[in-house]
Amino acid sequence: MSTYDLIYKTVRQIPPGKVATYGQIADLAGIHGKARLVGYAMFQIDTTCNDIPWHRVINAKGEISYSTVREGGDYLQKHLLEEEGIEFNSAGKINLNQYQWQPNFRLC
DNA sequence: TACATGACTTTTA
DNA sequence: GTAAAAGCCATGT
């Protein structure tokens with residue numbers, strides 16, 4: 020329907036226990052270089068539907084980006100990620116080298 | 001219609 | 001490694 024639909028599909032395809040960055044989502048969704056749209060789509064999800072694992076989407080720094088206006092709300096996403104089995108660094112960051120989603124190369 | 005804002009990324013210094 | 005600026009596009013006023 021629109022760019023957002025592609026983003027939602029990509030986010031849904033993130034396996035549990037893994038995370039993906041905005042740039043990666045944008046690339047997989049076919050909108051390379053438009054990571055801002057991904058973040059904007061996430062904002063829409065939070066107020067429209069909760070059927071999407073938005074908590075698995077993080078920034079390129081491996082840090083959580085819940086909302087710039089909601090201080091402390093990051094705890095929710097952190098808790099959800101911990102439920103997925105993802106651990107956090109001393110600085111509250113995620114080890115992308117291990118937890119970043121690495122989709123297969125269409126071997127199916 | 002046009003301007004300003006925003007859960008970001010990447011490059012350059 | 002940190003800091004600043006440019007680029008991208010949809011949404012709201």
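Taking our numbering, the leading residue of the first sequence gets 20, the next gets one more, and so forth.
Built from N, CA and C at the ideal position, the CB exists for glycine as well.
Roughly how many angstroms separate the alpha carbons of residue i and residue j, rounded to a whole number?
i	j	result
residue 126	residue 105	Note on residue 126: pLDDT 40, under 50, position unreliable in the model; no value is reported.
residue 56	residue 62	10 Å
residue 114	residue 20	34 Å
residue 122	residue 52	19 Å
residue 110	residue 80	11 Å
residue 108	residue 82	10 Å
residue 112	residue 32	22 Å
residue 71	residue 24	12 Å
Starting from residue i, trace the alpha helix (DSSP H) in both directions and tell me its first and last residue.
i	result
residue 46	41-48
residue 116	115-118
residue 28	22-31
Quick one: residues in its chain with C-beta nearer than 6 Å to the C-beta of residue i, no 5 flanking neighbours on either side, listed in chain order?
i	result
residue 29	44, 47, 48
Between residue i and residue j, is the Cβ-Cβ spacing less than 7 Å?
i	j	result
residue 35	residue 103	yes
residue 159	residue 41	With the chain covering only 20 through 127, there is no way to say anything about residue 159.
residue 26	residue 54	no
residue 118	residue 38	yes
residue 22	residue 50	yes
Give me, in chain order, the residues of the same chain whose beta-carbon lies closer than 8 Å to that of residue i; leave out the 5 immediate sequence neighbours on both sides.
i	result
residue 78	40, 41, 84
So what does residue i bridge to, in DSSP terms?
i	result
residue 107	113
residue 76	39
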